[in-house]
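Since the structure comes first, as structure tokens, the remarks are kept for the end.
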Amino acid sequence: MIYKLLPTRVYRSYYGGKNLDILQNIPKPVFSRYPEDWISSVSLAYNPDNVVKNEGLSMTEDGVFLKDLIENDKKNMIGDRADMSLLFKLLDSSERLVIQCHPTRDFAKKHFNSKYGKTECWYILSDGGEIYIGFKNGITKEYFMELFQKQDVKEMLNCLHCFKVKKGDFIFVPGGVPHAIGANCFLAELQEPTDFMVIPEKVTPSGIKLKDSKIHGGLGYEKMFDCFEYSGLDREDAKKRFFLAPQKVNDNVLSLVDNNVTDMFKLEEITVDNQYASKLESYAILLVIQGNGFINGEKACFGDRFFMPENDKKLQIDGNMKVLVCKP
Numbered sequence: 003m004i005y006k007l008l009p010t011r012v013y014r015s016y017y018g019g020k021n022l023d024i025l026q027n028i029p030k031p032v033f034s035r036y037p038e039d040w041i042s043s044v045s046l047a048y049n050p051d052n053v054v055k056n057e058g059l060s061m062t063e064d065g066v067f068l069k070d071l072i073e074n075d076k077k078n079m080i081g082d083r084a085d086m087s088l089l090f091k092l093l094d095s096s097e098r099l100v101i102q103c104h105p106t107r108d109f110a111k112k113h114f115n116s117k118y119g120k121t122e123c124w125y126i127l128s129d130g131g132e133i134y135i136g137f138k139n140g141i142t143k144e145y146f147m148e149l150f151q152k153q154d155v156k157e158m159l160n161c162l163h164c165f166k167v168k169k170g171d172f173i174f175v176p177g178g179v180p181h182a183i184g185a186n187c188f189l190a191e192l193q194e195p196t197d198f199m200v201i202p203e204k205v206t207p208s209g210i211k212l213k214d215s216k217i218h219g220g221l222g223y224e225k226m227f228d229c230f231e232y233s234g235l236d237r238e239d240a241k242k243r244f245f246l247a248p249q250k251v252n253d254n255v256l257s258l259v260d261n262n263v264t265d266m267f268k269l270e271e272i273t274v275d276n277q278y279a280s281k282l283e284s285y286a287i288l289l290v291i292q293g294n295g296f297i298n299g300e301k302a303c304f305g306d307r308f309f310m311p312e313n314d315k316k317l318q319i320d321g322n323m324k325v326l327v328c329k330p
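Just so you know, we're using this note's numbering here: the sequence shown kicks off at 3 and counts up by one.
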């Protein structure tokens, strides 16, 4: 059995989401504080200034939380794994996101009491945006803390590499690497299942003042700067490290990230022209990013998302479409 999942809009500290409104066929799509859609999530969103019960948890068409579905039948849903180690989302920005940094697993274990950090990757779905990622050479902790104290956001951004992005680009963002997604970016993000972050900007580009706990993530204003990786790169090396080229698996499948890059998750792009069949090696989350047709007999079009459980790994795609497949 394959489970179709409903949209799960999440409140954030930036504006966007018009493309998500369009996907949901909302009559008058607008930019709002709900710029993310957590496609397959068993994790709660962290919003200290806007606490909503169960925010961030994905739900099936039958009205059951994916988290409950897994907990009530773990063996069939995710096999012998302790939990679902993925969080997959859509993100649509109308303004630049604040500079942020997420913990590595080691840092998260020590400071957040979590076995998961927040390494992530981005699949760009539209042209015209830009991203900031990784420190340039020569940036020290002391210098960056000084910029934070002065709230010199322009210079903080100048400490990071800035790249234009286009549809189909794929970017890998390890824990510890500072980054900021620019305005007009529509992307799919696969990550570890947490919402940990530290933010060196106290006010967002649109003027929203962030709470202290949102800025330092509970670490305090000094400890938060231990989360950052200060080993800088020149521009060419930064692009090589963070922009990954897809690897051809067969005529239908491209591997975007696999065990050669990280042991945290895998992501593939499957392109189908008429028909495709395969047996997956584990449970998976599927997102249609182009075209339409059927996935295991379920009607599917752009934006539709599905959870394939461990006990039913036969994948059948009929139609003309492009699908992202996330696996542990």
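The beta carbon of each residue, even a glycine, is placed where N, CA and C say it ideally should be.
For a cut-off of 8 angstroms, the C-beta gap from residue 51 to residue 216 is around 7 angstroms, short enough to register as a contact. Per DSSP, the continuous alpha helix (DSSP H) segment holding residue 215 begins and ends at 214 to 218. Excluding the 5 residues flanking it on each side, residue 176 has same chain C-beta neighbours closer than 6 angstroms at 121, in chain order. If you draw a straight line from the Cα of residue 266 to the Cα of residue 95, it is about 26 angstroms long. Annotation for residue 300: the continuous beta strand (DSSP E) segment containing it runs 300 to 303.
Rounded to whole angstroms, residue 149 and residue 237 show a C-alpha spacing of 22 angstroms. Annotation for residue 127: 188, 189 place their beta carbon closer than 6 angstroms to its own, counting only its chain and skipping 5 residues before and after. In this chain, the alpha helix (DSSP H) harbouring residue 110 covers 107 to 113. Contact check for residue 330 against residue 88 passes: the beta carbons are separated by less than 8 angstroms. Distance check between residue 230 and each of 323, 179, 256, 152 places 179 closest, using alpha-carbon atoms only.
In the DSSP secondary-structure assignment, residue 174 is bridged to 123. In chain order, 46, 67 place their CB closer than 8 angstroms to the CB of residue 56, counting only its own chain and leaving out the 5 sequence neighbours on each side. In the structure shown, the three-state DSSP call for residue 307 is strand. When rounded, the separation of the alpha-carbon atoms in residue 270 and residue 280 is 13 angstroms. DSSP lists no bridge partner for residue 254.
Boundaries of the alpha helix (DSSP H) around residue 146: 143 to 152. Between residue 58 and residue 10, the C-beta gap is smaller than 8 angstroms, which places the two residues in contact.
At the C-beta level, residue 61 and residue 195 stay beyond 8 angstroms of one another. Under the 10 Å beta carbon count, residue 191 is surrounded by 16 or more other beta carbons and is classified as buried. In this structure, residue 165 sits near residue 133, with a CB-CB distance shorter than 8 angstroms. Around the beta carbon of residue 84, fewer than 16 other beta carbons lie within 10 angstroms, which makes this residue exposed. For residue 296, the secondary structure class from DSSP, reduced to helix, strand or coil, is strand. In this structure, residue 324 places its C-beta atom within 8 angstroms of the C-beta atom of residue 293. Judged by DSSP secondary structure, residue 76 falls within the alpha helix (DSSP H) whose first and last residues are 76 to 80.
A Cβ-Cβ contact shorter than 8 angstroms links residue 6 with residue 308. Looking at the DSSP output, residue 325 bridges to 272, 290. Membership of residue 155 in the alpha helix (DSSP H) is indicated by the continuous run 155 to 160. Cβ-Cβ distances below 8 angstroms link residue 263 to 174, 246 in the same chain, with the five nearest sequence neighbours on each side left out; the list follows chain order.
The residues 97, 98, in chain order, have a CB closer than 6 angstroms to that of residue 207 in the same chain once the five nearest residues on each side in sequence are set aside. Distance from the CA of residue 219 to the CA of residue 320, rounded to the nearest whole angstrom, comes to 45 angstroms.
Between residue 227 and residue 147, the CB-CB gap stays under 8 angstroms.
Residue 268 counts as buried, since no fewer than 16 other beta carbons sit within 10 angstroms of its beta carbon. In the DSSP assignment, residue 26 is bridged to no other residue. Annotation: the continuous alpha helix (DSSP H) that includes residue 239 extends over 237 to 244.
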